[in-house]
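Trainee: Mind having a look at this structure? Questions to follow.
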Amino acid sequence: MVSALMFTVLKKEGYMHGILAMILCLACIIAMLNGYKWSYLQSAMINKISSSMEAVLIFITVGMLVAMWISGGIVQAMIYYGLKILSPQIFLVASCLLCAIVAIATGSSWTTAGTIGVALMGIGITTGKTMEKSSPSIFCRSIWAKGMAEHFYRR
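Every number in our numbering is 8 more than the matching position in the sequence shown, counting from 1.
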């Protein structure tokens with residue numbers, strides 16, 4: 009099933025919605041052949057979807073925040089002022105520190121990557137750093153700092 013999904017997305021450059029629907033149908037058929045009733049499968053799917061709605065709502069909220077910051081010009085302003093303040097020599101270290109501070113303060117790696125991470129990627133590309141060099145310093149530090157924030161908030 010995973011190989012069919014990867015083949016569709018990577019080789020055929022297609023959308024994964026159709027293949028996911030076919031995989032769901034195939035999984036239901038296999039489960040019904042093994043003796044599971046449709047009502048049990050349906051209730052299991054509903055329970056799993058409802059238990060994941062909290063994460064979906066967080067993604068929607070972070071997406072709205074990122075969209076508001078981009079449409080409001082905040083990310084563009086961060087790129088503008090970041091180009092004036094950050095020199096290319098200290099960019100990678102500064103991006104690590106900035107992402108760590110923001111991720112610890114907010115407790116969200118997604119918010120950090122979607123807001124200040126986007127601005128820092130723009131600054132990095134403009135200053136001549138490739139995406140391969142600047143993205144690890146931004147995104148890995150965001151995820152690390154989120155874990156550190158969870159550790160600090162537990163105390």
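Backbone N, C-alpha and C fix where the C-beta goes; we use that ideal spot for every residue, glycine too.
1. Output needed for S145: all residues of its chain with C-beta closer than 6 Å, excluding positions within five of it in sequence on either side, in chain order.
2. Please classify N55: does DSSP put it in a helix, a strand, or coil?
3. Which stretch, first to last residue, makes up the alpha helix (DSSP H) that contains G90?
4. Is C107 buried or exposed, if buried means 16 or more other CB atoms sit within 10 Å of its CB?
5. Do T134 and L94 count as a contact pair if the criterion is CB distance below 8 Å?
6. Measure the C-alpha to C-alpha separation of L41 and I27 and round it to an integer number of angstroms.
7. If you measure between the beta carbons of A127 and T120, is that distance less than 8 Å?
8. Taking a contact to mean a Cβ-Cβ separation below 8 Å, would you say F147 touches G125 in this structure?
9. According to DSSP, is P144 part of a helix, a strand, or is it coil?
10. Leaving out the 5 sequence neighbours to the left and right, which residues in its chain are closer than 7 Å to I151 when beta-carbon positions are compared?
11. Using beta-carbon positions only, say whether V64 and T123 come within less than 8 Å of one another.
12. Give a yes or no on whether the C-beta atoms belonging to L18 and C36 are separated by under 8 Å.
13. Give the secondary structure of T138 by DSSP, where H, G and I count as helix, E and B as strand, and everything else as coil.
14. What whole-angstrom Cβ distance do G136 and P96 have, given they're in contact under 8 Å?
15. With DSSP as the reference, label Y44 as helix, strand or coil.
16. Restricting to runs no shorter than 4 residues, where is the alpha helix (DSSP H) found entirely within the segment 87-131?
Mentor: The structure says:
1. Locating residue 145 in the sequence shown gives position 137, where the first residue counts as 1. Within the same chain, S145 has close Cβ partners L100, S103, C104.
2. Along the sequence shown, read from residue 1 onward, the residue named residue 55 stands at position 47. Looking at N55 - three-state DSSP - the assignment turns out to be helix.
3. On the sequence shown, position 82 is the one that residue 90 refers to. Here the alpha helix (DSSP H) through G90 covers 82-93.
4. Locating residue 107 in the sequence shown gives position 99, where the first residue counts as 1. Its Cβ being crowded by 16 or more others within 10 Å, C107 is buried.
5. Within the sequence shown, residue 94 is the residue found at index 86, counting from 1. Within the sequence shown, residue 134 is the residue found at index 126, counting from 1. Taking 8 Å as the Cβ cut-off, L94 and T134 do not qualify as a contacting pair.
6. For the purposes of this step, residue 41 is taken as residue 33 along the sequence shown, with counting starting at 1. For the purposes of this step, residue 27 is taken as residue 19 along the sequence shown, with counting starting at 1. The straight-line gap from Cα to Cα measures roughly 21 Å.
7. Here residue 127 refers to the residue found at position 119 when the sequence shown is read from its first residue. Here residue 120 refers to the residue found at position 112 when the sequence shown is read from its first residue. Contact flag unset, no.
8. Position 139 of the sequence shown, counting from 1, holds the residue named residue 147. Position 117 of the sequence shown, counting from 1, holds the residue named residue 125. Closer than 8 Å, so yes.
9. Residue numbering aside, residue 144 sits at position 136 when the sequence shown is read from its first letter. DSSP places P144 in helix when its eight states are reduced to three.
10. In the sequence shown, residue 151 corresponds to position 143, counting from 1. Result list for I151: S117, in chain order.
11. In the sequence shown, the residue the question calls residue 64 occupies position 56. In the sequence shown, the residue the question calls residue 123 occupies position 115. Cβ distance not < 8 Å, so V64 and T123 don't count as in contact.
12. In the sequence shown, the residue the question calls residue 18 occupies position 10. In the sequence shown, the residue the question calls residue 36 occupies position 28. Not closer than 8 Å, so no.
13. The residue given as residue 138 occupies position 130 in the sequence shown. In this structure, T138 counts as coil in the three-state DSSP scheme.
14. Numbered from its first residue, the sequence shown carries residue 136 at position 128. Numbered from its first residue, the sequence shown carries residue 96 at position 88. Their Cβ separation, rounded to whole angstroms, is 6 Å, which keeps G136 and P96 in contact under 8 Å.
15. Locating residue 44 in the sequence shown gives position 36, where the first residue counts as 1. Of the three classes helix, strand and coil, the one that applies to Y44 here is coil, per DSSP.
16. 99-114, 117-122
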